[in-house]
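Below is one structure, written out as structure tokens; comments come after it.
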Amino acid sequence: MKQRFVEQQVPTKDMVAYYKLWYGLTTTGEVFDYSLNGNLGTVTGAVPAYPGFLFDGVNDEISCGSDSTIDNIFDITGAISIWLNSTGTGENNEGMAASKASWSLQLNAAQNSMKFTQVFTGDNGIWSFDVTGNVWEHILLVYQADKAVDVPTVYVDGVAVAVTTDQLPGSDTRTSDGDDTLIIGDNKDSNRSWDGKIGDVILFNTDQLVAAAKSIFELTRGRYDI
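When we follow my numbering, the leftmost residue of the sequence shown carries the number 1, and every step to the right adds one.
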């Protein structure tokens, strides 16, 4: 096959889950895991709205199970790549983009600020960074959870952004999320529903994503008219 006909793909090395939410439902009430790890997403309330799913900020979510492949992805180093378009601050002003019981990526009481939380023994680690809000934007967050001094690296639309430490972890011991359900668009208590759209969601268990930040954005931006 000639090179000009080969379509470049998102890096698959150490990919543990990939939800192409722009594709819509693959079967009734489910979205497919294109990493082929079998972590199917069960849709509650959210509806396909190309190029993603629309969440109502009240009780919508996509529950993706608790397989070992998506447990503790931030041990050593892990990453989440996600396309977001908020139309409000979400349920209780902290709409969740994605979460497990011991970590979360969510709005920070405003559409132009997000925060990442990792649960530790003692105080949780909490970090925040600026976004635009009310437009499609790509977030890539890379993090290592084995030391309290570690700070996430964040890229917005392929560009590194400043990350503020709002609260240092109380120890070097992170709380395991083994057996906890991965949820897109809400948390385990169903009280932080996202308000707006969510597109591609990819989880990796690797420290190689920093170099790929720009390429992931470039390879996926077309369907979002960015």
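All residues carry an ideal CB built from backbone N, CA and C; glycine is no exception.
In angstroms, rounded to a whole number, what distance separates the CA positions of residue i and residue j?
i, j, result
"A212", "R192", "30 Å"
"S315", "I139", "Because the chain in this structure spans residues 1 to 226, residue 315 falls outside the shown range and cannot be described."
"K13", "L36", "12 Å"
"E137", "E94", "18 Å"
"L84", "L25", "18 Å"
"V156", "D130", "9 Å"
"G122", "T175", "10 Å"
"A46", "D225", "22 Å"
"G185", "N59", "9 Å"
"M1", "L182", "Since pLDDT at M1 reaches only 45, below the 50 mark, its modelled position is unreliable, and the value read off the structure follows with that caveat. Computed Cα separation, rounded: 39 Å."
Using the rule of at least 16 other Cβ atoms within 10 Å of the residue's Cβ for burial, across every protein chain shown, is residue i buried or exposed?
i, result
"L203", "buried"
"V6", "Only weak support is given to the placement of V6: the predicted model assigns it a pLDDT of 44, under 50, and the question is left unresolved by the model."
"Y50", "exposed"
"E61", "buried"
"D189", "exposed"
"S171", "exposed"
"A162", "exposed"
"T164", "exposed"
Report the partner residues of residue i according to the DSSP bridge assignment.
i, result
"D56", "D195"
"N124", "Note: N124 sits in no beta bridge, so no partner."
"L182", "For L182, which the question treats as bridged, DSSP gives no partner whatsoever."
"K214", "K214 pairs with nothing; no bridge assigned."
Indicate whether residue i and residue j have their beta-carbon atoms separated by less than 8 Å.
i, j, result
"M96", "Q111", "no"
"Q118", "F53", "no"
"T69", "V16", "yes"
"N108", "S128", "yes"
"V210", "V142", "yes"
"E91", "G133", "no"
"V22", "G196", "Sequence check: residue 22 is Trp here, not Val. Not in contact: W22 and G196 (Cβ atoms no closer than 8 Å)."
"T206", "T77", "yes"
Could you give the first and the last residue of the continuous beta strand (DSSP E) run that contains residue i?
i, result
"V142", "137-143"
"S190", "Taken as a continuous stretch (DSSP letters only), S190 belongs to no beta strand (DSSP E), as it is neither H nor E."
"V151", "No beta strand (DSSP E) holds V151; DSSP gives it neither H nor E."
"E61", "61-63"
"V131", "No beta strand (DSSP E) holds V131; DSSP gives it neither H nor E."
"W22", "Note, W22: premise wrong, no beta strand (DSSP E); not H, not E."
"N85", "78-86"
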